[in-house]
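With the working numbering applied, the sequence shown corresponds to residues 2 to 424, in that order.
Every residue, glycine too, gets a C-beta built ideally from N, C-alpha and C.
In this text, all values refer to a predicted model and were calculated from it rather than measured experimentally.
So the structure is just underneath, and the comments pick up after that.
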Amino acid sequence: MPLSSALNYAPALQQSLSAAQLRLLHSIAAQAARQNLPIYMVGGFVRDLLLQRPSQDFDIVVEGDAIPLANALVQTLGGNLTAHSRFGTAQWQPHATDQNHIDLITARRETYAHPAALPTVQKSDIQQDLARRDFSINTLALRLDEAHFGDLLDPFNGQADLQNGLVRVLHPLSFTDDPTRILRAIRYEQRYGFQLEENTLRQLQETRSRLSLLSAERLRHELDLILREAAAPAALQRLHNLSVLEEICAALPWNPTLHAEMESALTQPPLPGWNLNPAPEELGYALWLLRLPRERIDEIQTRLRLPLDTYQSLCAASALRPQLPALQGKPTSDWVLRLQNQPLTALYALQLLNPIPELQEYAQHWRHIRPRANGDTLKARGIPPGKRYQTLLWALRAAWLDGKIRNEEEEERWLEGLVISEK
Ligand code: CTP
């Protein structure tokens, strides 16, 4: 379907927002009009509205001061407010019971003290606010205050780039100022099936080495965002083709097998019985990196500082993977002994990549099999407490797992035998 080239998007807003959301926008617009403040919906919301993929992420730029407007909104409409006076931004949560919030931002321009620094901001107008942004497709704004409701502001031809499927930077120093945009460009390109505009591609290649200036946190945040995308494997492929992955860290792997396996793992429905809902980026890192040996994982960890859970899952999966073949044919208790203290996400990722019936059994059944007895039971039977309890209780659990105990009477008999031998 050809994308719209309308100049007013009031009808599109009406179509894609709920009645409650529209009422809310009109209330904000009326309040802004009372304070004589032009306000604009900007960024991802507008881009996605024009792409007919409505999002709920409201970012509103205020030409003037956003915080007094936000305060007036809380007074008239209620809700919770978090204001950052240093940046002139406010987060307003209109309904205390609903996590959705609206970002109200004072129009600003940004300057960079040096490449890859965080920007210095100064109050400004909407044109300059749009000019500070990464790509033309993110510079579209819809004016909201009453008489202008839905008017499109498009100073950088974002609408045409959306129609032509192009990711285009606004100026030649964009990637130099902010190298995270290298990763953002690929994320948008792959998410929407777009292409990098010719000059943008050239500038990206010329500034690739600037990625080394980024802190671990900023870099990892961008990789997290990529791993949350449905098109994550395609984006990693593209980062590899453009030599961006190796620029981030030489230990980051990519090859066609990895691509195919990751894609197939991520398109599977959730595995039954695991009761696990890992963050997509945690699962993404595991699927991407678990084949690596520990030294490589540690190199990556030094560069990206992954969260501890993610790092531990990776190390666990990497150590376990080569040991799985040797467990084949072993008693259930041997499997459980090896698997029981491993992060479940590590096992889940291994199972998605290379399904093994025993891993599935472990997640679905074996890990829940426990004897009725516990430390108190042993104590009540007069066995002196001590380190031995752990060994005894594991022996009991192993007997259940291996089918040597099948019911409570058998467990009872096992315990009686134990009491005799322990006394
Ligand atoms: N932005 C930028 N440079 C960055 C990060 C953000 O110019 N390094 C601008 C972009 O114009 C973007 C806006 O800030 O539209 C908000 O950023 P973000 O919330 O990350 O993106 P969204 O536009 O909401 O898009 P999405 O969340 O779908 O990626």
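Here's a check: name, in chain order, each residue in its chain whose Cβ is nearer than 8 Å to the Cβ of ALA320, leaving out the five neighbours to either side. Around ALA320, the same chain offers ARG295 as residues with beta carbons nearer than 8 Å, after the five sequence neighbours per side are excluded.
Per-residue DSSP class, three states only, for HIS149: DSSP places HIS149 in helix when its eight states are reduced to three.
Since ILE40 is in the alpha helix (DSSP H), which residue starts that stretch and which ends it? No alpha helix (DSSP H) contains ILE40, which is instead part of the beta strand (DSSP E) from 40-43.
What are the boundary residues of the beta strand (DSSP E) that includes ARG110? ARG110 -> beta strand (DSSP E) spans 109-112.
Are the CB atoms of LEU205 and LEU197 within a distance shorter than 9 Å? For LEU197 and LEU205, yes; Cβs fall inside 9 Å.
ARG1: first and last residue of the uninterrupted beta strand (DSSP E) it sits in: Residue 1 cannot be examined here, being either before or after the span of the chain that is shown, 2 to 424.
Once DSSP output is grouped into helix, strand and coil, what is the label at ASP126? ASP126: coil per DSSP, three-state reduction.
Taking its Cβ as the centre, do 16 or more other Cβ atoms sit within 10 Å of PRO326, making it buried, or is it exposed? Classification for PRO326: exposed.
Taking DSSP as the reference, what is the three-state secondary structure of GLU410? Of the three classes helix, strand and coil, the one that applies to GLU410 here is helix, per DSSP.
Is it the case that the region 165-184 contacts the region 70-85, given that we only count it when at least three CB pairs across the two stretches are under 8 Å? When Cβ pairs closer than 8 Å are counted between the two stretches, the region 70-85 is seen not to touch the region 165-184, the count staying below three.
Other residues of its chain near GLN32: CB distance less than 7 Å, five sequence neighbours each side excluded: Contacts found: LEU70, ALA73, LEU74, THR77.
Separation of SER125 from ILE249, as counted between CA atoms: Roughly 35 Å separates the two Cα atoms.
Check ALA84 in the structure and name its three-state DSSP category. In this structure, DSSP gives ALA84 an extended state, which the three-state scheme calls strand.
What are the boundary residues of the beta strand (DSSP E) that PHE59 is part of? Note, PHE59: beta strand (DSSP E), 59-63.
Hey, would you say the C-beta of ASP49 is under 8 Å away from at least one heavy atom of the ligand CTP? Of the heavy atoms belonging to the ligand CTP, at least one sits nearer than 8 Å to the Cβ of ASP49.
Can you tell me the Cα-Cα spacing of LEU397 and ASP403, whole angstroms? Roughly 10 Å separates the two Cα atoms.
Does ALA251 come out as helix, strand or coil in the three-state DSSP assignment? Here ALA251 sits in coil by DSSP.
Based on Cα-Cα distance, which residue from ILE68, ASP99, THR98 lies nearest to ALA84? Minimum Cα-Cα distance from ALA84 among the listed residues ILE68, ASP99, THR98 corresponds to ILE68.
What distance in whole Å lies between the Cβ atoms of PRO156 and LEU131, which are believed to be in contact at a cut-off of 8 Å? About 6 Å; that satisfies the 8 Å criterion.
Looking at the ligand CTP, does it come within less than 8 Å of ASP58, judged from the CB to the closest heavy atom? Yes, the ligand CTP has a heavy atom inside 8 Å of this Cβ.
Does the ligand CTP have a heavy atom nearer than 8 Å to the CB of VAL43? Yes, the ligand CTP has a heavy atom inside 8 Å of this Cβ.
By Cβ distance below 7 Å, which residues in the same chain neighbour GLN1 in space, the five residues on each side in sequence not counted? Lying outside 2 to 424, the shown extent of the chain, residue 1 is not represented and no answer is given.
Can you grab the Cα-Cα spacing for the pair LEU14 / SER56, in whole Å? Cα to Cα, LEU14 sits roughly 11 Å from SER56.
Any idea what DSSP makes of PHE157, helix, strand or coil? Note: PHE157 maps to coil in three-state DSSP.
Can you list, in chain order, the residues of its chain with a C-beta nearer than 8 Å to that of PRO386? Leave out the 5 residues immediately preceding and following it. Cβ within range, chain order: GLY376, LEU379, LYS380.
Which residue comes first and which comes last in the alpha helix (DSSP H) that contains TRP401? Per DSSP, TRP401 belongs to the alpha helix (DSSP H) from 389-402.
Could you tell me the alpha carbon to alpha carbon distance between LEU141 and HIS27, rounded to whole angstroms? Annotation: LEU141 to HIS27 spans about 20 Å, alpha carbon to alpha carbon.
Flag LEU205 as yes when its Cβ comes closer than 8 Å to any non-hydrogen atom of the ligand CTP, and as no otherwise. At a cut-off of 8 Å, the beta-carbon of LEU205 does not count as near the ligand CTP: no heavy atom of the ligand is closer than that.
Which of the three DSSP states, helix, strand or coil, is assigned to PHE195? In the structure shown, the three-state DSSP call for PHE195 is coil.
Extent of the continuous alpha helix (DSSP H) to which TRP93 belongs: Counting along the chain, TRP93 sits inside no alpha helix (DSSP H); it lies in the beta strand (DSSP E) bounded by residues 90-94.
Taking 8 Å as the cut-off, is the C-beta of LEU226 nearer than that to any heavy atom in the ligand CTP? The answer is yes for LEU226.
Hey, how far is the Cα of MET2 from the Cα of LEU51? Unreliable positioning characterises MET2 in this predicted model, as indicated by a pLDDT of 45, which lies under 50. The coordinate reading is nonetheless provided below. So the two alpha carbons sit approximately 12 Å from each other.
Using only the heavy atoms of the ligand CTP, determine whether one of them is closer than 8 Å to the beta carbon of PHE46. It does: the Cβ of PHE46 is within 8 Å (strictly closer) of some heavy atom of the ligand CTP.
At what residue ranges does the region 179-225 contain a whole run of the alpha helix (DSSP H), taking only runs of 4 or more? Correct list: 181-193, 199-208.
Measuring only the C-alpha atoms, how far is ALA364 from THR121? Those two C-alpha atoms are separated by around 50 Å.
Can you tell me the Cα-Cα spacing of PRO234 and TYR193, whole angstroms? Going by the C-alpha atoms only, they are around 14 Å apart.
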